[in-house]
Amino acid sequence: MSAAVIPFEPRVEPVEGPDRDLRGEEEIRPPFTLVIFGASGDLTRRLLAPAIAHLLRDGSVSPEFAIIGLARSEMSDAEFRAYLDGGAREFTPPTQGRPGELPSIVQYIAGDFGDAGLYGRLKAAIDAIEGKRGGPKNRIFYLATPPEADPAIVNLLGEKGLARPEGGWARVVVEKPFGHDLQSGKELNDELRTVFQERQIYRIDHYLGKETVQNIFVLRFANGVFEPLWNNRYIDHVQIAVSETIGVGHRAGYYDSAGVVRDMFQNHLLQLLCLTAMEPPVAFEADAVRAEKVKVLQSIRQIPENAIDEWAVRGQYGPGVVEGKKVPGYREEEKVNPQSNTPTYAAVKFAIDNWRWAGVPFYVRSGKRLAERVSEIAIEFKRVPHPLFSKAAGTLNPNVLRLRIQPDEGVSLKFDAKIPGTVMQVQSVYMDFPYSKLGAPIQGGYERLLLDVTHGDQTLFTRGDEVEQAWRVVSPILKAWEGHAPGDFPNYASGTWGPESADRFLEREGRRWRTL
Ligand code: NDP
Ligand code: BG6
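In this note's numbering, the protein residues as written are 382 to 897.
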């Protein structure tokens with residue numbers, strides 16, 4: 382008899398909400414109307430459309446789900462359906478199969494978000510859908526809009542009585558960036574809270590929807606082995622990198638006044654930092670998790686505006702070659718001011734002044750048009766206190782735990798091992814866990830977050846005070862840079878790893894950027 386081959390089948394136990402199994406169909410898959418403001422935009426087509434189509438294909442949302450899109454562009458209902466369908470097909474990676482059919486009700490209303498008449502037409506459309514469908518009057522208002530459009534939308538939703546339906550719930554999803562600075566972020570929070578209650582507000586950061594980002598919770602708090610080492614006794618420093626190969630694309634209208642600090646640091650990168658640095662929450666639920674993240678943000682030392690060069694470096698891409706193709710510099714991109722001083726790259730040192738992290742710098746960098754698309758968190762441990770082996774055995778390297786967020790998702794631990802042979806020779810080796818081993822395809826993040834909105838679960842969304850704290854952290858960087866023109870832009874060629882000044886910045890700290 383031949384030996385049985387047992388295929389590798391990891392046991393995957395999903396993290397369920399506390400009582401999700403005990404809920405009825407209406408709670409698991411509630412009927413609802415998704416109202417998308419900014420329906421003709423890039424986010425809707427590239428990210429929301431595929432996520433919606435995947436949720437429908439997987440039967441995760443009620444088939445009684447309806448979509449109403451709003452934007453300025455003129456489109457018929459059929460054209461809007463084709464726009465979403467096209468986005469779903471184009472942006473569903475081949476590994477994820479076919480995207481799935483859109484719901485039977487897809488409507489589009491053209492108009493300006495500042496025009497009160499638009500909300501009358503919206504109300505009539507919602508009432509008609511809810512009247513025909515019967516059951517609870519559940520509504521999600523998704524603001525896939527430039528931040529300056531948000532206050533008017535929120536106000537008018539309130540004025541028209543759309544935010545508090547009788548016999549159902551209303552939830553509002555607000556895209557990042559949440560405001561333009563601390564002041565406008567606060568004002569937007571105030572505006573939202575006059576119309577909605579905090580439990581109705583979902584400030585979305587799609588990084589929190591990524592599987593590998595959620596895995597930071599699991600890696601840290603479901604395993605006993607890492608947590609005892611997760612502090613300044615054992616960790617030398619942390620590096621967080623989000624490197625992109627894409628340029629600004631067609632988004633200059635937004636990006637040229639935002640730049641990398643507002644676009645990436647205030648939200649995605651600070652969220653990665655928070656999850657890496659936070660204390661264990663008392664429970665895996667919204668307020669407990671968010672309270673711990675707020676404490677991390679509160680502990681980040683205020684960067685002195687007048688000594689910014691000791692804490693941060695900025696860059697802007699020039700022309701170059703990315704993935705074998707010649708690409709223009711930022712200042713030559715469509716709709717970018719040819720004298721623009723907007724940074725497309727930044728590297729920042731954050732100091733977290735608390736017991737766990739005192740003395741452990743967090744080096745965080747992100748840029749567009751870099752050599753490769755990679756996001757990762759690297760925890761570099763301290764070296765052994767005394768080198769036991771002779772120099773001839775080789776240089777001993779610090780252990781590094783890398784959490785690869787994307788692509789090539791996984792976790793890897795670097796440690797030194799003896800090379801087989803009669804002499805003592807030491808070399809770095811890696812213990813690798815690739816996510817692909819788990820079999821299930823990794824989705825984009827929006828699927829999970831949209832589903833959480835339908836379930837009323839705010840754990841993976843940012844709270845009002847958290848967003849304000851994040852603005853407080855980045856404000857000195859913005860002020861220092863916006864007050865002083867850089868003088869040397871563009872300072873890195875597209876297709877490289879960023880400005881040389883970023884390398885010198887870390888060398889001054891006695892460290893080097895990790896190879897991504
Ligand atoms: P776009 O510029 O592509 O889309 C903006 C949308 O808003 C368009 O549908 C536009 O309508 C509509 N719009 C703007 N102002 C008005 C107005 N006064 N009245 C009516 N419609 C209006 O932006 P994105 O889709 O890229 O981004 C939207 C939001 O999502 C931004 O806050 C962005 O930061 C955020 N985001 C975007 C991501 C992305 O990858 N695109 C990723 C994460 C967040 P029309 O064009 O018809 O005039
Ligand atoms: C968005 C930024 O929030 O995130 C974009 O506005 C950026 O500029 C994008 O490209 C990166 O997201 P991802 O999921 O591709 O890493």
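Ideal Cβ positions, reconstructed from N, Cα and C, are used throughout, including at glycine. Remember, it's a predicted structure, so these values are computed and weren't measured experimentally.
Assumed close pair H435, E881 - CB separation to whole angstroms, cut-off 8 Å: In the sequence shown, the residue the question calls residue 435 occupies position 54. In the sequence shown, the residue the question calls residue 881 occupies position 500. A Cβ-Cβ separation of about 42 Å leaves H435 out of contact with E881 under the 8 Å criterion.
6 Å CB neighbourhood of P662 in its chain, flanking five on each side removed: Taking the first residue of the sequence shown as 1, we reach residue 662 at position 281. A669, V670, E673.
R392 - DSSP class collapsed to helix/strand/coil: As a position in the sequence shown, residue 392 is number 11, starting the count at 1. Note that R392 scores 42 on pLDDT, short of 50, meaning its location in the model is unreliable; the coordinates nonetheless yield the value given after this. The answer is coil: DSSP assigns R392 none of H, G, I, E or B.
Touching by the beta-carbon criterion (3+ pairs, under 8 Å), the region 460–473 and the region 512–532: The answer is no - the region 512–532 does not touch the region 460–473, with fewer than three Cβ pairs under 8 Å.
Environment of the ligand NDP in chain order, Cβ to heavy atom below 5 Å: Residues with a Cβ closer than 5 Å to any heavy atom of the ligand NDP, in chain order: G419, S421, G422, D423, L424, A452, R453, S454, D493, F494, A525, T526, A530, E556.
Cβ-Cβ distance between K591 and I786 below 8 Å: Taking the first residue of the sequence shown as position 1, residue 591 is located at position 210. Taking the first residue of the sequence shown as position 1, residue 786 is located at position 405. With contacts defined as CB atoms closer than 8 Å, K591 and I786 qualify as a contacting pair.
Host alpha helix (DSSP H) of F494 (start-end): As a position in the sequence shown, residue 494 is number 113, starting the count at 1. Element bounds for F494: n/a, residue is neither H nor E.
E761 vs D617 beta-carbon contact at 8 Å: Numbered from its first residue, the sequence shown carries residue 761 at position 380. Numbered from its first residue, the sequence shown carries residue 617 at position 236. With contacts defined as CB atoms closer than 8 Å, E761 and D617 qualify as a contacting pair.
Euclidean distance between Cα positions of K676 and M659: Locating residue 676 in the sequence shown gives position 295, where the first residue counts as 1. Locating residue 659 in the sequence shown gives position 278, where the first residue counts as 1. K676 and M659: Cα-Cα distance of roughly 8 Å.
Own chain partners of F607 with C-beta closer than 8 Å, once the 5 adjacent residues on each side are dropped: Numbered from 1 along the sequence shown, position 226 holds the residue referred to as residue 607. These residues qualify, in order along the chain: L600, R601, L782.
DSSP state of G605 mapped onto helix, strand, coil: Numbered from its first residue, the sequence shown carries residue 605 at position 224. Three-state result, G605: coil.
beta-carbon H435 near the ligand BG6 non-hydrogen atom, thresh 7 Å: Taking the sequence shown and counting its residues from 1, one reaches residue 435 at position 54. No, the ligand BG6 has no heavy atom inside 7 Å of this Cβ.
Within 8 Å, strictly: CB atoms of Y711 and K730: Here the question's residue 711 lines up with position 330 in the sequence shown. Here the question's residue 730 lines up with position 349 in the sequence shown. Cβ distance not < 8 Å, so Y711 and K730 don't count as in contact.
Three CB pairs or more closer than 8 Å across the region 690–697 and the region 724–743: Touching, yes, given that three or more Cβ pairs across the two stretches are closer than 8 Å.
Secondary structure of L782, DSSP reduced to three states: As a position in the sequence shown, residue 782 is number 401, starting the count at 1. L782: strand per DSSP, three-state reduction.
The ligand BG6 heavy atom lying under 7 Å from the CB of H561: By 1-based counting over the sequence shown, the position of residue 561 is 180. No, the beta carbon of H561 sits no closer than 7 Å to any heavy atom of the ligand BG6.
Ranges of the alpha helix (DSSP H) found wholly within the region 808–896, counting only runs of at least 4: Counting only runs of 4 or more, we get 827–836, 845–864, 881–889.
Supposed close pair A533, G495 - CB separation, criterion 8 Å: What you label residue 533 is simply residue 152 of the sequence shown in a count that begins at 1. What you label residue 495 is simply residue 114 of the sequence shown in a count that begins at 1. For A533 against G495, the beta-carbon gap comes to about 5 Å, under 8 Å, which counts as contact.
Distance cut-off 7 Å: H649 Cβ against heavy atoms of the ligand BG6: One-based indexing of the sequence shown puts residue 649 at position 268. Checking the Cβ of H649 against the ligand BG6 gives yes.
Residue span of the alpha helix (DSSP H) that contains Q720, given as start and end: The residue you call residue 720 lines up with position 339 of the sequence shown. Where Q720 is concerned, there is no enclosing alpha helix (DSSP H), given that its DSSP letter is neither H nor E.
For A664, the three-state DSSP class (helix, strand or coil): Your numbering for residue 664 matches position 283 in the sequence shown. Correct three-state label for A664: coil.
According to DSSP, residues forming a beta bridge with E761: In the sequence shown, residue 761 corresponds to position 380, counting from 1. The beta-bridge partner set that DSSP reports for E761 consists of H618, V781.
Proximity test, I621 beta-carbon vs the ligand BG6 heavy atom, cut-off 7 Å: Residue mapping note: residue 621 aligns to position 240 of the sequence shown, counting from 1. I621: no, Cβ never under 7 Å from the ligand BG6.
Which listed residue (V855, Q808, P700, T835) has its alpha carbon closest to that of G549: The residue you call residue 549 lines up with position 168 of the sequence shown. Residue T835 holds the alpha-carbon nearest to the alpha-carbon of G549 among V855, Q808, P700, T835.
Near the ligand BG6: H836 beta-carbon under 7 Å from a heavy atom: For this step, residue 836 is matched to residue 455 along the sequence shown. Short note on H836: C-beta not closer than 7 Å to any heavy atom of the ligand BG6.
Contact under 8 Å by Cβ, D423 with R632: Position 42 of the sequence shown, counted from the start, is the residue given in the question as residue 423. Position 251 of the sequence shown, counted from the start, is the residue given in the question as residue 632. Contact annotation: D423 and R632 have beta-carbon atoms nearer than 8 Å.
At least three beta-carbon pairs within less than 8 Å, the region 798–806 to the region 550–569: Output reads no: the region 550–569 does not touch the region 798–806.
D402 versus N722 - alpha carbon distance: As a first step, residue 402 must be located in the sequence shown, where it is residue number 21. As a first step, residue 722 must be located in the sequence shown, where it is residue number 341. Residue placement at D402 is flagged as unreliable, the pLDDT there being 46, under the threshold of 50; the coordinate-derived value follows with that caveat. Computed Cα separation, rounded: 53 Å.
Burial state of Y615 (16 or more Cβ within 10 Å): For the purposes of this step, residue 615 is taken as the residue at position 234 of the sequence shown. Exposed.
Stretch-stretch touch, CB-based, cutoff 8 Å, three pairs: the region 622–640 with the region 832–851: The answer is no - the region 832–851 does not touch the region 622–640, with fewer than three Cβ pairs under 8 Å.
Backbone CA spacing between Y377 and V594 [nearest angstrom]: A question about residue 377 goes unanswered here, because the residues of the chain that appear run from 382 up to 897.
Residues of its chain near E790, where Cβ-Cβ distance is below 8 Å and the 5 sequence neighbours each way are ignored: For the purposes of this step, residue 790 is taken as the residue at position 409 of the sequence shown. Correct list, in chain order: E592, T593, P815, Y816, S817, I823.
D644 beta carbon near the ligand BG6 (any heavy atom closer than 7 Å): Along the sequence shown, one-based indexing puts residue 644 at 263. Correct: D644 has its Cβ closer than 7 Å to the ligand BG6.
Check whether G701 and R750 have beta carbons under 8 Å apart: Here the question's residue 701 lines up with position 320 in the sequence shown. Here the question's residue 750 lines up with position 369 in the sequence shown. Yes, they are a contact pair.
Length-filtered (3 minimum) beta strand (DSSP E) runs lying within the region 482–568: Entirely contained in the region 482–568, the beta strand (DSSP E) runs reaching 3 residues are, in chain order, 486–491, 520–524, 551–555.
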